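Here is the structure we will look at.
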Amino acid sequence: MIAVGTSPYRPPTIAFDNHTVLDSDTLVSELRVPRSLTVVGAGVIGIEYATIFSALDVPVTIIEPRDNFLDFIDREIIEEFTHDLRQRGVTMRLGGKVDRVEKDAQGWAVAYLSDGRQVRSDMLLYAAGRVGATAGLGLESCGVVPDERGRLKVDPATFQTQIPHIYAAGDVIGFPALASTSMEQGRIAALHAFEAKMPPAPDFFPYGIYAVPEISTIGLTEAQVREQKIPYECGVARFRETSRGHIMGLQSGMMKMIVSLETRKLLGVHIVGEGATELIHIGQAVLNLGATLDYFVENTFNYPTLAEAYKIAALDAWNRMPRVTPVAPVMDKATPTPDMSPETPPPTT
Numbered sequence: 028m029i030a031v032g033t034s035p036y037r038p039p040t041i042a043f044d045n046h047t048v049l050d051s052d053t054l055v056s057e058l059r060v061p062r063s064l065t066v067v068g069a070g071v072i073g074i075e076y077a078t079i080f081s082a083l084d085v086p087v088t089i090i091e092p093r094d095n096f097l098d099f100i101d102r103e104i105i106e107e108f109t110h111d112l113r114q115r116g117v118t119m120r121l122g123g124k125v126d127r128v129e130k131d132a133q134g135w136a137v138a139y140l141s142d143g144r145q146v147r148s149d150m151l152l153y154a155a156g157r158v159g160a161t162a163g164l165g166l167e168s169c170g171v172v173p174d175e176r177g178r179l180k181v182d183p184a185t186f187q188t189q190i191p192h193i194y195a196a197g198d199v200i201g202f203p204a205l206a207s208t209s210m211e212q213g214r215i216a217a218l219h220a221f222e223a224k225m226p227p228a229p230d231f232f233p234y235g236i237y238a239v240p241e242i243s244t245i246g247l248t249e250a251q252v253r254e255q256k257i258p259y260e261c262g263v264a265r266f267r268e269t270s271r272g273h274i275m276g277l278q279s280g281m282m283k284m285i286v287s288l289e290t291r292k293l294l295g296v297h298i299v300g301e302g303a304t305e306l307i308h309i310g311q312a313v314l315n316l317g318a319t320l321d322y323f324v325e326n327t328f329n330y331p332t333l334a335e336a337y338k339i340a341a342l343d344a345w346n347r348m349p350r351v352t353p354v355a356p357v358m359d360k361a362t363p364t365p366d367m368s369p370e371t372p373p374p375t376t
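Sequence positions in the sequence shown follow this note's numbering and run 28 to 376.
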């Protein structure tokens, strides 16, 4: 079993000194809090560190060569998250590729972008990718060939590499590179290697991004549902609408629920805000058990809790969905209503 993880990608055009210009491994050993911070790379690690320092009142600039970030997250959640970051003063430089990073005469880090812009800060974190820690393992001697980023290709069902008796799991095989999923990958690989019975894997597993605020998601995004041409409806709950949100003084945070119109089954849950990585497990259970929207509508949630957002979002979706049966009997206007007053005898058949 190969489970060596990854190391930060360090291109030669970046002047790393492990004090002013750092990667995500060396940053955790730096004792000082910078006066300003530039984060190159808006992946999970870059976003987490950027928001942590922003929560410490450090001015933060995020540089990302793509026009979007965290593409696997529902876009409405990212819009809410981005709005929250801008409210806190985080500067987003999307669509800007960093050509090189150098230090100026004052010792500050300067990022030179391909479009001519320059971003200067007290500290710079380069978090644009990681590489599999496979160099030096001698994998070429056993026929296992890593890709250009040192990652290993595996069978997603068994986690076998090109060599059947050699397995790999965790960050070294690439996305999603989460501690929770890595542990499950290792368990499945071990069961397969020892020919033990494997229970069927769940259809969906949760993603957790420990930014400030947290993001967590499970199931299909709205873009994926539309791509698959599934008739659907969405329900949204704002944390500030819940009593617990009022108590906590929350002004941001939301839950989005996606439901099939044909089966009423839950298709996805997407959360940004306080406790998102804890709240997601309720949606995970309902989704993987194949339950419907009615679970949330018909069951009682503790009050006051943030989990009550599930009921609010479910009712929001329910109110938008076509009714399975009429809410009340519809009387035919052409048929007179019988007079059932005490003075009138009941009609005979």
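All C-beta atoms, glycine included, are put in the ideal place defined by N, C-alpha and C. Note that the structure is predicted; figures quoted are calculated from it, not measured.
Segments of 3+ residues assigned as beta strand (DSSP E) that fall wholly inside the region 31–101: 33–35, 48–50, 64–67, 87–91
Per DSSP, the bridge partner or partners of residue 297: 244, 283
Three or more C-beta pairs below 8 Å linking the region 336–352 and the region 281–289: yes
Where residue 339 falls: helix, strand or coil (DSSP): helix
DSSP three-state assignment for residue 155, whether helix, strand or coil: coil
DSSP three-state assignment for residue 367, whether helix, strand or coil: Legend: pLDDT at residue 367 = 49, less than 50; position of this residue unreliable, value from coordinates given subsequently. Reduced to three states, the DSSP call for residue 367 is coil.
Limits of the alpha helix (DSSP H) - the one that residue 254 falls within: 249–254
Paired residues, beta bridge with residue 127 - DSSP: 139
Rounded C-alpha distance that separates residue 42 from residue 67: 13 Å
Which of helix, strand or coil DSSP assigns to residue 235: strand
Simplified DSSP assignment, three categories, for residue 119: strand
Residue from 277, 334, 243, 260 with nearest C-alpha to residue 104: 243
CA nearest to the CA of residue 7, picked from 259, 245, 279, 184: With the chain running from 28 to 376 in the structure shown, residue 7 is simply not present.
Member of 300, 99, 248, 289 whose CA lies at the smallest distance from the CA of residue 272: 300
For residue 117 and residue 81, believed in contact at Cβ under 8 Å, the rounded distance: 5 Å
Within 8 Å, strictly: CB atoms of residue 249 and residue 101: yes
Reduced DSSP category for residue 376 - H, G, I as helix; E, B as strand; rest coil: Because residue 376 sits at a pLDDT of 49, beneath the cut-off of 50, its placement in the model cannot be relied upon, and the point is left open.
Inter-stretch contact at 8 Å, needing at least 3 Cβ pairs: the region 50–57 / the region 201–217: no
Sequence-distant residues of its chain with Cβ nearer than 7 Å to residue 83 (five each side left out): 60
CA nearest to the CA of residue 11, picked from 33, 349, 95, 200: Summary: the structure shown does not reach residue 11, with the chain confined to residues 28 through 376, and so no result is reported for it.
Three-state secondary structure assigned by DSSP to residue 109: helix
Residues sharing a beta bridge with residue 145, DSSP: 139
Alpha carbon of residue 253 to alpha carbon of residue 48, nearest angstrom: 42 Å
Residue burial classification, residue 108 (beta-carbon count within 10 angstroms, cutoff 16): buried
C-alpha distance - residue 237 paired with residue 260, whole-angstrom precision: 28 Å
Cross-strand partners of residue 224 (DSSP beta bridge): Per DSSP, none; premise fails for residue 224.
Residue 264 in three-state terms, based on DSSP: strand
Cβ separation of residue 120 and residue 146, assumed to be a contact under 8 Å, to the nearest whole Å: 7 Å
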